[in-house]
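Okay, so here's the structure we're looking at.
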Ligand SMILES: [Zn+2]
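Chains as they are written, first to last, in the working numbering: chain H, -7 to 313; chain R, 357 to 675.
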């Protein structure tokens, strides 16, 4: 499957200037040092083909690989008050924002999208670590809430890919208040009987971990992702001892009972489809089912495997709750 | 009296007055009372002036003052029949968070709060008010108990933050905090929080996601300590004054932002100078706030609490 041929609706495409094509065609894996050709890296969803190191992937690139035919539409996020505290450190907050917008081509640190995954309507939100370390402020909170609301409207499951260095300090206490705000939205989603899957990616830390990233019905992490409340450096300074190998990494959390699964990025899409179909009462997906071309009617019946004689076939496209 | 750094001029004047009086005791023929009284007056004026316009960083210092009344002081003084309830039923009893059944003016409630300790021994035992997952899980258990028996929940918030330790992380600090916040939002009984000292980040939110959030006049509530913020944004922890200024962590700013609902005035010179008066003020405010929730249904309470947080911050400082 070639992800390059995927396309996004032009209207969405033109909203923001796209990331420039990397001048450097080769990049070095930070884990094993292998030189990787950019196209190969893109095909591999930014995973090192030599050592399986999962590098950062932007929500936009992730969604292109996740939604059928790479097609999704963005869910509008209500604008928060810009620079609510009139914060300045060595730089003014609005200047930091502008710099982040310029370097990423994105508006803020979370992208919300809807579309179909395995011909099932799904709402996704992805946190962008390249945008001010994915930090959570009012916008990210609004985006998360918008994602939950859209999922409820469409009666669709929600999948959130978390990545955050922590709070958006320039929004001070309002950043902290996103913990209860996003939690309220999750409660509404759960009351609507819809699944909330949290995929924790490297790194997920601080208030994000201590709110929506730990409240999923199912908790999946990408391999070796750092997942923590307090970061390893802070802990080492506090307890004045060296932390064990792999501490706070996805596999360590899995061992300590804090996660359901650790899943390779290339398997994530299939796994999400499998889980979501079971949680929403749909029959199994047909193996090797190709993504539907854009605009094709989502005829569930067409993709459903012949139902086993003893199992009742549900009505096309209708999740059973 | 333990003086803070910015109170040094005050310490000098008060010291002088005490010295004069001590001298006069040894040499009875000396009459110093007039002079000493003048110094007293001067000290009083200085104290008023100092506390009238505390800078945010000074507020942080006052909020952390070791002589300030702590959770246990409030519980001992304001509540009767306090019956501590211990343990998270999974791993341990976390002494950084205390809680239990109690009566506030005869009304049965569940009270929960972080306790920092008052001397070296108790500070260590309380882990300086920094809870581990067990503390939050105990809080969750107590909130469930409160909801089941229709008892209001009162939380007293005073923590530098959740404990950043190895075991705490291994046992799911983040998950415990997330679930505690979630529980605050779920219970069908009134939840009232008072920030009595330091409201430190996620460790505070986990107990302060309430229908009404009250703050003592010189308490602070923030996403990170000013030192932490300074070391990240200024790359220099010594810039905590600037960070404290920028973060808007004072009760006064948080009221403007709509994050907290009410400020409880402290006695002159801060709660540490008249603990009894500060405790009484908190008791009065709690009583009045609780009365507002009499007769509200669980559904209404939960719906209003959700709306409050969903709307929070939508107006910024202009609110
Ligand atoms: Zn590699």
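Where is the CB? At the ideal position from N, CA and C, for every residue including glycine.
Continuous beta strand (DSSP E) stretch holding residue i: start and end
i	result
residue 82/H	Here residue 82/H belongs to no beta strand (DSSP E), and DSSP marks it neither H nor E.
residue 108/H	102 to 109
residue 590/R	No beta strand (DSSP E) holds residue 590/R; DSSP gives it neither H nor E.
residue 629/R	No beta strand (DSSP E) contains residue 629/R, which DSSP labels as neither H nor E.
residue 458/R	453 to 460
residue 158/H	From DSSP, residue 158/H is part of no beta strand (DSSP E); its letter is neither H nor E.
residue 554/R	547 to 556
residue 438/R	435 to 440
residue 66/H	64 to 66
residue 667/R	Premise fails: residue 667/R lies in the alpha helix (DSSP H), 654 to 667, not in any beta strand (DSSP E).
residue 113/H	112 to 119
Cβ-heavy atom distance, residue i to ligand 1, below 7 Å
i	result
residue 23/H	yes
residue 416/R	no
residue 42/H	yes
residue 336/H	Chain H is shown from -7 up to 313; residue 336/H falls before or after that span and cannot be answered.
residue 45/H	yes
residue 34/H	no
residue 26/H	yes
Within 8 Å, strictly: CB atoms of residue i and residue j
i	j	result
residue 552/R	residue 575/R	yes
residue 509/R	residue 502/R	yes
residue 116/H	residue 181/H	no
residue 204/H	residue 121/H	no
residue 330/R	residue 369/R	Within the shown structure, residues of chain R are numbered from 357 to 675, placing residue 330/R beyond reach of any answer.
residue 155/H	residue 215/H	no
residue 231/H	residue 521/R	yes
residue 377/R	residue 399/R	no
residue 168/H	residue 159/H	yes
residue 620/R	residue 668/R	no
residue 497/R	residue 524/R	no
residue 534/R	residue 207/H	yes
residue 224/H	residue 163/H	no
residue 646/R	residue 569/R	no
residue 157/H	residue 202/H	no
residue 165/H	residue 661/R	no
residue 469/R	residue 455/R	yes
residue 93/H	residue 84/H	no
residue 174/H	residue 129/H	no
residue 474/R	residue 517/R	no
residue 608/R	residue 421/R	no
residue 314/R	residue 358/R	With chain R running from 357 to 675 in the structure shown, residue 314/R is simply not present.
Residue-chain proximity (residue i, chain H), Cβ-Cβ < 8 Å
i	result
residue 528/R	yes
residue 410/R	no
residue 416/R	no
residue 651/R	no
residue 606/R	no
residue 499/R	no
residue 603/R	yes
residue 557/R	yes
residue 587/R	no
CB contact check: residue i to chain R, cutoff 8 Å
i	result
residue 165/H	yes
residue 192/H	no
residue 115/H	no
residue 210/H	no
residue 132/H	no
residue 252/H	no
residue 186/H	no
residue 265/H	no
residue 80/H	yes
residue 207/H	yes
residue 161/H	yes
residue 287/H	Below a pLDDT of 50, predicted positions are generally treated as unreliable, and residue 287/H, at 45, falls in that range; the measurement from the model is reported next regardless. Not an interface residue.
residue 13/H	Note that residue 13/H scores 47 on pLDDT, short of 50, meaning its location in the model is unreliable and no value can be drawn from it.
residue 27/H	no
residue 119/H	no
First through last residue of the alpha helix (DSSP H) which encompasses residue i
i	result
residue 412/R	412 to 419
residue 390/R	389 to 408
residue 224/H	224 to 231
residue 670/R	Taken as a continuous stretch (DSSP letters only), residue 670/R belongs to no alpha helix (DSSP H), as it is neither H nor E.
residue 379/R	364 to 382
residue 608/R	607 to 612
residue 175/H	170 to 183
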